[in-house]
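Down below is the structure, laid out as structure tokens.
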Amino acid sequence: MTAWWPRSLTSQVASRTDRDQIEAGIKALSQPCDPAWLMARVLALLTPYFTANVPEGVRRMEAEDWRAALDGKPQWAVEKACRWWKSDENPDHRRKPLEGDIVERVKFEMGILTFGALKVRDYEIGRASCRERVSL
Numbered sequence: 017m018t019a020w021w022p023r024s025l026t027s028q029v030a031s032r033t034d035r036d037q038i039e040a041g042i043k044a045l046s047q048p049c050d051p052a053w054l055m056a057r058v059l060a061l062l063t064p065y066f067t068a069n070v071p072e073g074v075r076r077m078e079a080e081d082w083r084a085a086l087d088g089k090p091q092w093a094v095e096k097a098c099r100w101w102k103s104d105e106n107p108d109h110r111r112k113p114l115e116g117d118i119v120e121r122v123k124f125e126m127g128i129l130t131f132g133a134l135k136v137r138d139y140e141i142g143r144a145s146c147r148e149r150v151s152l
């Protein structure tokens, strides 16, 4: 969905249609994931790191910490972050991730949305300055 969005600091949104499509894409890609899916994804991420003899109550508290940290994040970004963590691209992939490790990577993955929002804002500012010049 983001393949055609402006990718450099100097590129500009070319038209109102492009601007509207970027804004709609940001909205669609920002939808929070389903909490049940999130808990299953966290369990899948952490399963290789589980240790025996941890009380169920402690596991529930840990799950709640993960839910709180990732609440409201989109599924695609959480998925990418978890897969990145376990990949050979991550030099720390052999250690158990903490909530903040995955949140940090989710934010990295969502950077394209921030960039798209900046480009939409730049388009709006450009239109406003054009209207000012025309009205002078």
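Using this note's numbering, you'd call the opening residue of the sequence shown number 17 and step up by one each time. Note that beta-carbon positions come from the ideal geometry of N, C-alpha and C, so glycine has one too. None of the values given here were measured: they were computed from a predicted structure.
query, result
"Beta-carbon separation (whole angstroms), residue 55 vs residue 83, contact threshold 8 Å", "6 Å"
"Simplified DSSP state of residue 71, which is helix, strand or coil", "coil"
"Residue 129 versus residue 74 - alpha carbon distance", "35 Å"
"Reduced DSSP secondary structure (H/G/I, E/B, other) of residue 113", "coil"
"Test item: CB-CB of residue 61 and residue 92 under 8 Å", "no"
"Contact check, residue 142 vs residue 42, beta carbons under 8 Å", "no"
"Of the residues 123, 124 and 88, the one placed nearest residue 53, counting alpha carbons only", "88"
"Residue of 114, 57 and 108 minimising C-alpha distance to residue 90", "57"
"Same chain, Cβ closer than 8 Å to residue 27, neighbours up to 5 away in sequence not counted", "135"
"Per DSSP, the bridge partner or partners of residue 107", "Answer by DSSP bridge pairing: none, since residue 107 is not bridged."
"Buried or exposed (CB count within 10 angstroms, at least 16 for buried), residue 80", "exposed"
"Candidates 63, 94 and 76: closest to residue 120 by CA position", "94"
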